[in-house]
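**Q** Structure incoming, see below.
Protein chains: 2
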Amino acid sequence: MAQASSPSAFRQLVRAGRFTAQTAGQCPGFTQGNLAIMPSAYADEFLRFARRNPKSCPVIGMSEPGDPSVPELGQDIDLRTDIPGYCVFRDGRMVEEVPHLRELWREDLVGFVIGCSLSFEEALLEGGVPVRHIEQGTTVPMYDTDRPNGAAGRFGGNGVVSMRPMSAAQAIRAIQITSRFPATHGAPVHFGDPAEIGIADIDRPDYGERAEIRPGEIPVFWACGVTPQQAIRSAGLPFAITHKPGHMLVTDVRNSHLAVL
Amino acid sequence: MAQASSPSAFRQLVRAGRFTAQTAGQCPGFTQGNLAIMPSAYADEFLRFARRNPKSCPVIGMSEPGDPSVPELGQDIDLRTDIPGYCVFRDGRMVEEVPHLRELWREDLVGFVIGCSLSFEEALLEGGVPVRHIEQGTTVPMYDTDRPNGAAGRFGGNGVVSMRPMSAAQAIRAIQITSRFPATHGAPVHFGDPAEIGIADIDRPDYGERAEIRPGEIPVFWACGVTPQQAIRSAGLPFAITHKPGHMLVTDVRNSHLAVL
């Protein structure tokens, strides 16, 4: 895949169809975001859902109806073309993957960009906390929980978490580091016993791939950006679009600028 | 026991022999300190030991040789009289408890005041994290570990930890809260499996009293101010004085002023 020197240059590559892969590792230091696009008729309700669930749905950008730009995250962003892959949902079911939205875009669509864990994983690695799924070269394991989201209108369902195994000392450091990043899921929501949050088998994630838990390690759970996708699914929206998993919007916002401390 | 309206008024009570009990709960909001007094010949070495072990030995005040005042912690502090009980050590062994040091004080003595966990426990309670031994009305359970302190000259030995049981969610919050207080032991050093730090039986603390661990709770371990006392013991100092356990120096420094964030 082609390489880019800046987020703007990277988005140009994506827009030209020259980058179609997962975005992990692209433009290190810059925030990547999950995408959720829906008709404006549902947007206010979704924003209320996000506000009630800030750990899983931290909205870092939002577009105006029909306008695919998000200048707060980058002057030239075009939500129709700048993500390397999209999933199209109809009546709550994913029906197709598309490389761009040039034909699907509508004048009533609103886009939400939601903070993602790639930002804090970079901070963990810088802080000396290893991240197993990065070591393994796999996708982070994610799990449906039995913890209900805060509901807003038709959006509800249960929370989804991602899991990273580590030692207790590393977990203490990881809690400190990720607490600095409330806009990208913040501190963990749980650690230890998976059953306590309704996870039956830690070795069988609902999304992503298994991460090895070594002796002396504890599973540490963070709120996950799959939560809003699940909410869109369970709400049965007639039409919605998300990014293809792992294929994020790369923004001009530095991770360090999202840190609160 | 008599009550006082300010740390200075409280120290006057202690100085007059009208307060001789444990100091927990006295002058809420103000920092209390552990005390270690030794001949100046050992003070530099002890300070190097403290610097190497800042989580267990956070020095918040230090006196000049022969001078029992510590103006940085309170203009009128007199280390000879302002602590409600003292332990006298000779050749590394505790030989007597005394109510004041008027007869024992020497021109070569140096006093160290070391941050104590009462400060962060107040912050935990304010933050909605219950503290079991306070609920129980008992002394916090403390344990010798197999983790060696950083050594400096004759001071070494293994670290001592205190333990507070709580849920995972409370532990995450407690890590955030206590991270703000590096001068009073800071973030935990471990949680979960006691054996990992050399604790054989969590229900039999080496100091203090057992704290009940309820289903779903995890033991969380902090570096403990007993560590410097252990170092004094193991170094076999010919002469040293500490506060009597639980009988602290109440300072004019507000806990909130020790917080780094």
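Chains as they are written, first to last, in my numbering: chain A, 1 to 261; chain B, 1001 to 1261.
All C-beta atoms, glycine included, are put in the ideal place defined by N, C-alpha and C.
#1: By the 7 Å beta-carbon criterion, what residues does the segment 213-224 of chain A contribute toward chain B?
#2: Taking the Cβ atom as the reference point for each residue, do A/Val189 and A/Ala223 lie within a distance shorter than 7 Å?
#3: When DSSP builds the beta bridges, which residues end up paired with B/Thr1242?
#4: Answer with yes or no whether the minimum CB distance from A/Ile83 to chain B is below 7 Å.
#5: Tell me, please, whether the CB atom of A/Ala123 is closer than 7 Å to any CB atom in chain B?
#6: In this structure, how does DSSP classify A/Pro7 when only helix, strand and coil are distinguished?
#7: So is A/Gly33 buried or exposed if we call it buried at 16+ other beta carbons inside 10 Å?
#8: When the distance is taken between beta carbons, is A/Met38 closer than 7 Å to A/Ala174?
#9: Could you tell me whether any Cβ in chain B is nearer than 7 Å to the Cβ of A/Asp259?
#10: Roughly how far, in whole angstroms, is the beta-carbon of A/Ser5 from the beta-carbon of A/Asp76, given that I think they are within contact range, below 8 Å?
#11: From which residue to which residue does the alpha helix (DSSP H) around A/Ile232 run?
#12: Taking its Cβ as the centre, do 16 or more other Cβ atoms sit within 10 Å of A/Gly192, making it buried, or is it exposed?
#13: Along the segment 1175-1199 of chain B, what residues have a CB closer than 7 Å to any CB found in chain A?
#14: Using a Cβ-Cβ cutoff of 8 Å, what residues of the segment 143-169 of chain A are near chain B? List them in chain order.
#15: At a Cβ threshold of 7 Å, is B/Ile1202 touching chain A?
#16: What is the rounded straight-line gap between the Cα of A/Tyr207 and the Cα of A/Tyr143?
#17: Could you pull the DSSP bridge partners for A/Arg164 from this structure?
#18: Is A/Leu258 helix, strand or coil by DSSP?
#19: What's the C-alpha gap between B/Ala1171 and A/Val14?
#20: Nearest to B/Glu1196 by CA position, among B/Pro1141, B/Arg1147, B/Val1129, B/Ala1123, is which residue?
#21: Given this structure, state the Cα-to-Cα distance separating B/Val1260 from B/Gly1029, to the nearest angstrom.
#22: Just list the alpha helix (DSSP H) runs in the segment 105-182 of chain A, keeping only unbroken ones of 4 residues or longer that don't cross its boundaries, in chain order.
#23: State the start and end residues of the unbroken beta strand (DSSP E) segment that holds B/Val1070.
#24: Counting along the chain, where does the beta strand (DSSP E) carrying A/Glu97 start and finish?
#25: What is the rounded straight-line gap between the Cα of B/Glu1103 and the Cα of B/Val1131?
#26: For A/Asp78, count neighbouring C-beta atoms within 10 Å of its own C-beta (all shown protein chains included) and say buried if the count is 16 or more, exposed if not.
#27: DSSP state of B/Thr1184, grouped into three classes?
#28: Kindly indicate which residue of A/Gly25, A/Pro54, A/Arg11 has the alpha-carbon position closest to the one of A/Ile246.
#29: On the CB-based measure, 16 or more other CB atoms within 10 Å of its CB, does A/Glu121 come out buried or exposed?
**A** Taking the structure as given:
#1: Gly216, Ile218
#2: yes
#3: B/Ala1036, B/Cys1087
#4: no
#5: no
#6: helix
#7: buried
#8: no
#9: The amino acid at residue 259 of chain A is misidentified as Asp; the sequence shows Ala. A/Ala259 does not count as touching chain B.
#10: So it is not a contact: roughly 15 Å between Cβ atoms.
#11: 226-235
#12: buried
#13: Ile1175, Gln1176, Ser1179, Ala1187, Pro1188, His1190, Phe1191, Gly1192, Glu1196
#14: Ala168, Ala169
#15: no
#16: 6 Å
#17: A/Val220
#18: helix
#19: 43 Å
#20: B/Arg1147
#21: 16 Å
#22: 118-126, 132-136, 168-179
#23: Segment: none, B/Val1070 is in no beta strand (DSSP E) and carries neither H nor E.
#24: 93-98
#25: 39 Å
#26: buried
#27: helix
#28: Sequence check: residue 246 of chain A is Gly here, not Ile. A/Gly246 has its Cα closest to that of A/Gly25, out of A/Gly25, A/Pro54, A/Arg11.
#29: buried
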